[in-house]
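Have a look at the structure below, then the notes.
Residue numbers (the working numbering): 18 to 263.
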């Protein structure tokens with residue numbers, strides 16, 4: 018152990034981990050973040066769809082003092098006004114829902130800059146492991162290089178080694194409906210509505226999940242499919258399913 022001590026150590030520097038670092042460091046806590054990626058927000062593993070603040074408040078109405086970090090203009094590729102759901106038989110249902118379509122790398126870099134400006138330490142390209150004790154635990158690439166945190170936040174996504182080592186039940190971080198296999202392309206020269214996100218419920222290509230077309234402006238869109246783990250078959254090639262969806 019290297020002897021360094023923090024109020025909070027966060028494993029994972031994605032939007033969740035970095036947002037936690039921003040809010041906690043703002044309150045004067047000593048915060049450390051470990052992120053295994055060498056560049057924040059890269060590679061992208063999501064549709065980059067981010068609800069606007071008004072929609073976030075509707076999604077979690079019981080949180081009275083929701084403090085959502087605004088996406089800076091340079092991180093927003095475009096905005097969406099609604100979501101359109103398409104059933105297996107082609108029936109459509111559209112409802113208003115405001116969202117930003119982000120450049121994930123720019124957005125996460127922005128969060129990291131805010132956290133650092135408030136005193137948080139962020140280690141990039143650092144694969145960290147959690148070594149529990151009765152007063153929080155130690156986190157680091159090895160036990161010898163680990164730092165101590167009074168509180169440990171597992172923001173490392175699936176499969177969360179941190180949550181597993183903390184003894185949390187598997188359903189909390191890796192249940193059959195908490196995980197999906199997905200694939201996505203950033204496509205160009207598309208003739209799609211640039212302010213509507215489309216979600217396709219088609220079991221031929223995304224059983225247990227859905228396919229999506231999320232516009233990014235200037236004829237571009239994130240196009241992908243997600244399949245819930247209980248529905249995945251070993252003989253499938255998910256890239257072929259995405260080709261069929263397209």
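Even for Gly, the Cβ is constructed at its ideal location relative to N, Cα and C.
The structure displayed is predicted, hence computed values, not measured ones.
Does DSSP put residue 263 in a helix, in a strand, or in coil?
Of the three classes helix, strand and coil, the one that applies to residue 263 here is coil, per DSSP.
Compare the C-alpha of residue 212 against each of 259, 77, 238 and name the closest.
238
For the region 116 to 133 against the region 243 to 260, do three or more pairs of beta-carbon atoms, one drawn from each stretch, fall closer than 8 Å, so that the two count as touching?
no
CB-CB under 8 Å to residue 168, same chain, minus the five flanking residues each way: which ones, in chain order?
So the list reads 24, 25, 26, 153, once near-sequence residues are dropped.
Using the DSSP secondary-structure output, state which residues sit across from residue 227 in a beta bridge.
Residue 227 pairs with 243.
Taking the C-alpha atoms as reference points, what is the distance between residue 203 and residue 151?
46 Å
With DSSP run on the structure shown, which of helix, strand or coil describes residue 15?
Any property of residue 15 remains undetermined from this structure, which presents the chain solely from 18 to 263.
Residue 28 and residue 173 look like a contact to me (Cβ under 8 Å); what is the Cβ gap, rounded to whole Å?
5 Å
Does the beta carbon of residue 119 come closer than 7 Å to any beta carbon on chain C?
In the structure shown, chain C does not exist; there is a single protein chain.
The alpha helix (DSSP H) that contains residue 42, what's its start and end?
Run containing residue 42: 32 to 43, per the alpha helix (DSSP H) assignment.
In the DSSP assignment, find the unbroken alpha helix (DSSP H) run with residue 123 in it and report its ends.
Counting along the chain, the alpha helix (DSSP H) containing residue 123 begins and ends at 121 to 134.
CA-CA distance, residue 103 and residue 95?
22 Å
Exposed or buried, which one is residue 160 when buried takes at least 16 other CB atoms within 10 Å?
exposed
Check whether the Cβ atoms of residue 135 and residue 42 lie closer than 7 Å to each other.
yes
What does DSSP give as the partner residue(s) for residue 49 in the beta ladder?
Answer by DSSP bridge pairing, in chain order: 26, 138.
Tell me which residue opens and which closes the beta strand (DSSP E) that residue 98 is part of.
93 to 103
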